[in-house]
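Offset between the sequence shown (1-based) and this note's numbering: plus 616. Cβ atoms here follow ideal geometry from the backbone N, Cα and C, with glycine treated the same way. All values reported here derive from a predicted model rather than from experimental measurement.
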Amino acid sequence: MSRAVCTAAKQFLSLPKPVLFRQSEYASSYGIARALERKGVYGRVKSNVSVYDTANISTEDAWKERLKLRKPHIQRFYKEKPKLFYAPEWKLDEKPNKEEGYPDPLKGYEMTPEKWEYQNKVVWPPNFLCPETKLPKLREVYHCKESIHFSPKRMWTACQLVWRLNVDEAIRQLKFQQTKACTILAAVLEEAKERAGKEFNVEYPSDMHVAEAFPIQCKIIKGARRHAHEVWNVIRYRYIHVFVRLEEGDGPGFRGREKPKDTWEMMDEYYRYLRSRRIKYSL
617 MSRAVCTAAK QFLSLPKPVL FRQSEYASSY GIARALERKG VYGRVKSNVS VYDTANISTE
677 DAWKERLKLR KPHIQRFYKE KPKLFYAPEW KLDEKPNKEE GYPDPLKGYE MTPEKWEYQN
737 KVVWPPNFLC PETKLPKLRE VYHCKESIHF SPKRMWTACQ LVWRLNVDEA IRQLKFQQTK
797 ACTILAAVLE EAKERAGKEF NVEYPSDMHV AEAFPIQCKI IKGARRHAHE VWNVIRYRYI
857 HVFVRLEEGD GPGFRGREKP KDTWEMMDEY YRYLRSRRIK YSL
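Okay, structure coming up:
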């Protein structure tokens with residue numbers, strides 16, 4: 617092999633390549649972190665201070681406390697704990713989109729860009745602790761991209777790809793996917809990250825993770841297509857809003873409502889089942 621071919625091969629191998637997951641590394645922030653660490657070609661600017669340093673608790677233990685809130689409870693026995701914050705008054709006699717007329721309670725009852733942006737105006741006291749978990753309130757950025765001509769079902773798959781990932785890793789993984797949904801969502805995440813640094817003065821926007829990402833269909837514009845023999849079909853042009861919430865710190869490291877059990881936890885659960893058996897009609 618000639619020297620020129622060897623030099624070209626070395627230059628090609630030195631280029632950054634897409635990260636490939638092993639079969640044991642499921643698509644989560646933990647699996648992606650392991651894959652990126654194994655590859656060793658990508659990095660991000662990260663602060664040395666943990667977001668839970670003031671509470672003297674690790675990120676893993678903090679997520680365990682937060683996930684306890686997902687356990688079901690009886691609503692009539694549940695007492696809402698008071699929270700102290702300031703938010704501008706919501707004018708109930710006006711439409712949120714500043715249109716004329718009296719607001720209809722049967723319209724716009726789902727999540728809207730006005731309701732999503734209203735969360736950015738809520739002011740929490742300094743060093744505020746959430747009453748449910750006794751953990752400090754982390755900084756959040758709510759961002760919405762309105763009226764995108766795209767299918768909500770195809771956008772949902774892209775949103776599930778980046779859920780609970782670091783924002784830089786999410787943008788990187790979306791750019792690896794050659795689909796229109798991932799391209800749109802990557803642009804939305806870049807806007808949210810830029811907004812976090814410039815508008816909300818987040819010191820390390822790269823330390824934030826995608827806490828929520830979902831689309832909602834906002835409107836349908838109908839058209840018509842003419843075929844042979846005067847056959848007409850209706851065309852539906854769907855438009856969606858893409859909602860994104862960035863939260864400070866790392867994600868829980870897994871997807872889903874609860875953390876999947878490993879083999880040791882499954883073994884302990886099986887042992888508890890075996891020891892709980894009783895002989896029928898015994899003393």
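The region 837-849 makes no contact with the region 867-882: fewer than 3 CB pairs, one atom from each, lie closer than 8 Å. DSSP places Ala-829 inside the beta strand (DSSP E), whose first and last residues are 824-843. Excluding the 5 residues flanking it on each side, Arg-852 has same chain C-beta neighbours closer than 7 Å at Ile-836, Lys-838, in chain order. Contact between Glu-756 and Glu-863 holds, with the beta-carbon distance rounding to 5 Å and staying under 8 Å. Shortest Cα-Cα distance from Leu-683 to any of Ala-786, Ala-829, Phe-870, Lys-896 involves Phe-870.
Judged by DSSP in its simplified three-state form, Asn-782 adopts strand.
With contact defined as three or more Cβ pairs closer than 8 Å, the region 774-782 and the region 819-835 are in contact. Where Arg-861 is concerned, the enclosing beta strand (DSSP E) starts and stops at 847-864.
Annotated three-state conformation of Cys-798 is helix, per DSSP. Here His-765 is exposed. Its C-beta has fewer than 16 other C-beta atoms within 10 Å. Glu-815 and Asp-784 have their C-alpha atoms some 19 Å from each other.
If you check the CB distance, Ala-703 and Val-667 do not come in under 8 Å. Of the candidates Tyr-734, Ile-800, Glu-710, Glu-710 places its Cα closest to the Cα of Lys-723.
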